[in-house]
Amino acid sequence: MGRRGLDVGRGGWMWGGTERSEAVKAIRAGFDYGMTSIDTAPAYGQGTSEEIVGEAIKGIPRDQVQILTKFGLSWEGTKGQFFFSSKNNQGKPIEIYRYSGKDSIIRECETSLRLLGTDYIDLYQIHWADPTTPIQETMEAVAQLIKEGKVRYAGVCNYDVDQMKEAAKYIELVSDQVPYSMIKRDIEQDLVPYLME
768 MGRRGLDVGR GGWMWGGTER SEAVKAIRAG FDYGMTSIDT APAYGQGTSE
818 EIVGEAIKGI PRDQVQILTK FGLSWEGTKG QFFFSSKNNQ GKPIEIYRYS
868 GKDSIIRECE TSLRLLGTDY IDLYQIHWAD PTTPIQETME AVAQLIKEGK
918 VRYAGVCNYD VDQMKEAAKY IELVSDQVPY SMIKRDIEQD LVPYLME
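Residue numbers (our numbering): 768 to 964.
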């Protein structure tokens, strides 16, 4: 992590709606065959993905697992900016908001630590930018978590160059998780050159 990079990683996006025992087996098999990192988020199954990851990594030495999780999407209130409608794990309608105020970040981190069964997160990333909260407030909250030893590194998801520059005023970022494929290559115009500096 940091400047070293990831060896082999796996995402946990759809594990909120899959057979739990199969997901646990898949994660464990990944680590048995050389996987080093697991990416999840509270929004994946309203915490279910983090629970599954926590269950799967029990017994694996913590220094052999890099846990990447996120914050900033809430379904428990209406603070922030409405993002989309969804359904909870019981099939009832919920509304998801982008919110990354300090109070929420600290609370979300504590919940993630508990669900993951760990005392620190290797990479803590804002899931989507929250236009209702200053980037400074968001990054200072993550910096506090790093200082407290609950988080090792800070990252972002779906940030553009201007947002990255603003965030970098307050914290060192080690990642920006964005869509990129053979078809979707627009980040090569500005984001990739900025990140390569």
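All C-beta atoms, glycine included, are put in the ideal place defined by N, C-alpha and C. Bear in mind that the values here come from a model prediction, so they are computed numbers and not experimental data.
Buried or exposed by the 16-neighbour rule on C-beta atoms within 10 Å, applied to residue i
{"i": "residue 796", "result": "exposed"}
{"i": "residue 811", "result": "buried"}
{"i": "residue 902", "result": "buried"}
{"i": "residue 917", "result": "buried"}
{"i": "residue 951", "result": "exposed"}
{"i": "residue 782", "result": "Interpretation of residue 782 is limited by its pLDDT of 44, a score under 50 that renders its predicted location unreliable; the figure taken from the coordinates is listed afterwards. The residue in question, residue 782, is buried, as its Cβ has 16 or more Cβ neighbours within 10 Å."}
{"i": "residue 792", "result": "exposed"}
{"i": "residue 807", "result": "buried"}
{"i": "residue 857", "result": "exposed"}
Beta-carbon spacing of residue i, residue j below 8 Å
{"i": "residue 938", "j": "residue 945", "result": "no"}
{"i": "residue 929", "j": "residue 958", "result": "no"}
{"i": "residue 847", "j": "residue 899", "result": "yes"}
{"i": "residue 904", "j": "residue 868", "result": "yes"}
{"i": "residue 890", "j": "residue 866", "result": "no"}
{"i": "residue 863", "j": "residue 842", "result": "yes"}
{"i": "residue 880", "j": "residue 893", "result": "no"}
{"i": "residue 814", "j": "residue 882", "result": "yes"}
{"i": "residue 836", "j": "residue 817", "result": "yes"}
Paired residues, beta bridge with residue i - DSSP
{"i": "residue 880", "result": "Bridge partners of residue 880: none, in fact."}
{"i": "residue 922", "result": "892"}
{"i": "residue 1034", "result": "In the structure as shown, the chain starts at 768 and stops at 964, and residue 1034 therefore has no counterpart that could be examined."}
{"i": "residue 940", "result": "921"}
{"i": "residue 901", "result": "Answer is none; residue 901 lacks a bridge partner."}
Other residues of its chain near residue i: CB distance less than 6 Å, five sequence neighbours each side excluded
{"i": "residue 884", "result": "821"}
{"i": "residue 832", "result": "824"}
Cutoff 8 Å; reference residue i; Cβ partners in own chain excluding five residues on either side
{"i": "residue 775", "result": "Confidence at residue 775 is low in this model, with a pLDDT of 44, below 50, so its placement is unreliable and no value can be given for it."}
{"i": "residue 931", "result": "923, 940, 943, 958, 961, 962"}
{"i": "residue 910", "result": "921, 937, 938"}
Closer than 7 Å: residue i CB and nearest the ligand NAD heavy atom
{"i": "residue 889", "result": "No copy of the ligand NAD appears in this structure; indeed no ligand is present at all."}
Neighbourhood of residue i by C-beta distance below 7 Å, restricted to the same chain and skipping five residues each side
{"i": "residue 839", "result": "865, 866, 867, 893, 894, 895, 897"}
{"i": "residue 849", "result": "862, 864"}
Inset, instruction - Identify every run of the alpha helix (DSSP H) within the segment 794-851, keeping only runs that are complete inside it and at least 4 residues long; order them along the chain. - result: Qualifying alpha helix (DSSP H) stretches, in chain order: 815-824.
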